[in-house]
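Asks: For reference, the structure I am asking about is given below.
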Amino acid sequence: MSKLVTKITDRDVDFSQWYTDVCKEADLVAYSSVKGSMIIRPYGYAIWENIQKILDREFKKTGHENVQMPMFIPESLLNVEKEHVKGFAPEVAWVTYGGEEKLEERMCVRPTSEVLFCEHYKNIIHSYRDLPKLYNQWCTIVRWEKTTRPFLRSREILWQEGHTMHRTSEEAKAETLRMLKIYEKFQRECLALPVLVGRKTEKEKFAGAEETYTLEAMMYDGVALQNGTSHYFGDHFAKAFGIQFLDEDNTLKTPYQTSWGVTTRMIGGIIMTHGDNHGLVLPPKIAPIKVIFIPIGTDEKVLNTIEKIASTLKEEITYKIDDSDKSPGFKFAAAEVKGIPIRVEVGLRDLEKDEVVLVRRDTLEKKSVKISEVQTEIEKLLETIQKDMYERALKRRDEMIYDVKDYETLKDYAQNKAGFMKINWCGDMACEDQIKEETGLKSRCIIEDEEVSGPCVVCGKEATKRIYVGKQY
RNA sequence: CGAGAAGUAGCACAAUUUGGUAGUGCACUACAUUUGGGAUGUAGGGGUUGCAGGUUCAAAUCCUGUCUUCUCGACCA
């Protein structure tokens, strides 16, 4: 049991290296000669496809339509909203040549598509009858990051961005929260990721937004991963772009806007929340292969039994039969590094008792099951694994949230404890800056459901908000 | 972007200090024997040493530049 997987660095020894090892050994990504732009390998992409399938269905159910927008943004178009351009200018990639010819006006590769959608919305929104417009696109964007890591921070990002326009601010605000809830539910139920959901502070909000809501997950090492955002823009962009519609009362009005997005970064979140020293551990709902059958020996009876069991499984329970001529031990390890939720071992020894062995990946527990009951046992076990993975992650996260009352303790914890700290805050950006500068902790989100009383941990003035702070990826 | 480390077969590394026929293990291919936690034997295949220049009779090895990866920091919806 000691050195089953020698290729993966111990998670508690070097978490960063462990993460990189899992990404490679589970065959999720590969590198190319393009810095920070990973190759997502078939197994990694299959996870993304499952994520896409589920989310896309939710988007459609809530009335959204998919579109495809241009990849390039002319500089003048990017410059229309000044907060927005200020936020993104440092990290956009520019196209300056078309073939041999220098372009009259350079274009950036979209870092996000607000301006493209706005330009288009200006042309298609004329009446209140044209609202709401609920568009989404699945695409890649480019942000010229200096430090890159697979899934967590890349220069080319695979994501989904929803952009909507509404008749009233209330409706737009409701949309912002509606999509936030869809993300939250998806991450909890499908990815088994507990997330803190809340509003970003002024300092941390999206360039050009009025409100930014975030989903903050905590990784195994206590570091935060921002796993999605939903923004309410008010009418800033709409005004900047001159988007207007004639309302029922025959007056010209400006519509209200939202945008929301999640990326393949969620896959990084799954790895860093659930993975262990054997490799990846995938939540059943998004695992490309949910069950792997491993025959012990080559006896025909064994293979026939496997075929028979596999054929009784429901269509959504995707499976694979590993009938390669590797040794069983090799196959066990290979299935584990890939995080396949259930392994079924079948050998003559089992067949004599009319049984097979089920092994769950999350706990590595084994149990023998009568062949007549395998089908229902697998169904039940997949649900149990999904539930247990969430419960474990939730418990662990909650244990790593600390209620901190004074600044000295905050500084101490920032150095010596991994996790999030809950603090009282006066609302002044200067205090937020000071925390960041002196402790490296950034505000994650505002806590809405706790009563505020007592002094700000930094300046001692009466606190107006409770916030989570933590280090982030 | 700053500091540090690395790049030699798919992977892990040796040969670099002292320039002189590019090697080992795993993986891969074929056959045989195996199969309940990374099997064994035999026989094979695979390389412009990241890339581009330079020095030299001769460069994986020395010099310059560049690209990529990793770690830490800065930056980062």
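FYI, in the working numbering the residues of the first sequence are 1337 to 1809. Every residue gets a Cβ at the ideal spot worked out from N, C-alpha and C, and that includes glycine.
With a CB to CB cut of under 8 Å and the five nearest residues on each side skipped, what residues in its chain are close to Lys-1360?
Replies: Ala-1366
Asks: Quick check: Ile-1645 and Ile-1387, are their CB atoms within less than 9 Å of each other?
Replies: no
Asks: List the residues that DSSP assigns as beta-bridge partners of Phe-1629.
Replies: Ile-1657, Val-1680
Asks: Report back the beta-carbon spacing between Cys-1762 and Thr-1800 to the nearest angstrom; my notes put them in contact at under 8 Å.
Replies: 6 Å
Asks: What number of angstroms, rounded off, separates the C-alpha of Thr-1448 from the C-alpha of Lys-1418?
Replies: Their backbone Cα atoms lie some 15 Å apart in a straight line.
Asks: Nearest by alpha-carbon distance to Ser-1373: which of Lys-1397, Thr-1476, Lys-1753, Ser-1412 is it?
Replies: That would be Thr-1476, whose Cα lies nearest to the Cα of Ser-1373.
Asks: Could you give the DSSP three-state label for Pro-1410: helix, strand or coil?
Replies: DSSP places Pro-1410 in strand when its eight states are reduced to three.
Asks: Using a 10 Å radius around the Cβ and a threshold of 16 neighbouring Cβ atoms, would you call Arg-1780 buried or exposed?
Replies: buried
Asks: From Gln-1473, Tyr-1726, Val-1617, pick the residue whose C-alpha is nearest to that of Phe-1395; which is it?
Replies: Gln-1473
Asks: Evaluate Asp-1571 with the Cβ neighbour count: other Cβ atoms within 10 Å of its Cβ, from every protein chain shown; 16 or more gives buried, anything less gives exposed.
Replies: buried
Asks: Pick helix, strand or coil for Met-1515, following the three-state DSSP scheme.
Replies: helix
Asks: Look at the alpha carbon of Glu-1672 and the alpha carbon of Ile-1642, and state the distance between them as a whole number of angstroms.
Replies: 19 Å
Asks: Counting only the same chain and skipping the five closest in sequence on each side, list residues whose C-beta sits under 7 Å from that of Ser-1463.
Replies: Phe-1581, Leu-1582
Asks: Between the region 1547-1567 and the region 1519-1539, are three or more C-beta pairs nearer than 8 Å?
Replies: yes
Asks: In this structure, what does DSSP give as the bridge partners for Pro-1791?
Replies: Glu-1798
Asks: Check each candidate in Glu-1787, Ile-1771, Asp-1690 and name the one with the smallest Cα separation from Gly-1539.
Replies: For clarity, residue 1539 is Lys in the given sequence; the question names Gly instead. Distance check between Lys-1539 and each of Glu-1787, Ile-1771, Asp-1690 places Ile-1771 closest, using alpha-carbon atoms only.
Asks: Just checking, does the region 1729-1739 make contact with the region 1753-1760 on the three C-beta pairs under 8 Å criterion?
Replies: yes
Asks: Whose CA, out of Trp-1430, Ile-1803, Glu-1787, lies closest to the CA of Val-1794?
Replies: Ile-1803
Asks: I'd like the list of long-range same chain contacts for Arg-1503, defined as Cβ closer than 6 Å, with 5 residues on each side in sequence excluded.
Replies: Answer for Arg-1503: Tyr-1464, Leu-1467, listed in chain order.
Asks: Looking at the structure shown, is Tyr-1804 part of a helix, part of a strand, or coil, going by DSSP?
Replies: strand
Asks: If we count the other Cβ atoms within 10 Å of its Cβ and call it buried at 16 or more, is Thr-1537 buried or exposed?
Replies: With a 10 Å radius around the Cβ and a threshold of 16 neighbouring Cβ atoms, Thr-1537 comes out buried.
Asks: What's the C-alpha gap between Leu-1730 and Asp-1363?
Replies: 27 Å
Asks: On the DSSP bridge assignment, give the partners of Gln-1810 in chain order.
Replies: Absent from the structure is residue 1810, since the part of the chain shown begins at 1337 and ends at 1809.
Asks: Which value, in whole angstroms, describes the spacing of the CA atoms of Asp-1635 and Glu-1715?
Replies: 27 Å
Asks: Would you say Ala-1528 and His-1610 are within 9 Å of each other, going by their C-beta atoms?
Replies: yes
Asks: Whole angstroms are fine: how far does the CA of Tyr-1355 sit from the CA of Pro-1591?
Replies: 44 Å
Asks: Span of the alpha helix (DSSP H) holding Phe-1573?
Replies: 1572-1577 is the span of the alpha helix (DSSP H), which, as asked, contains Phe-1573.
Asks: Taking the continuous alpha helix (DSSP H) assigned at Ile-1460, which residues delimit it?
Replies: 1450-1460
Asks: Between the region 1507-1514 and the region 1476-1490, do at least 3 Cβ pairs fall closer than 8 Å?
Replies: Too few Cβ pairs lie closer than 8 Å, so no.
Asks: Any idea what DSSP makes of His-1502, helix, strand or coil?
Replies: strand
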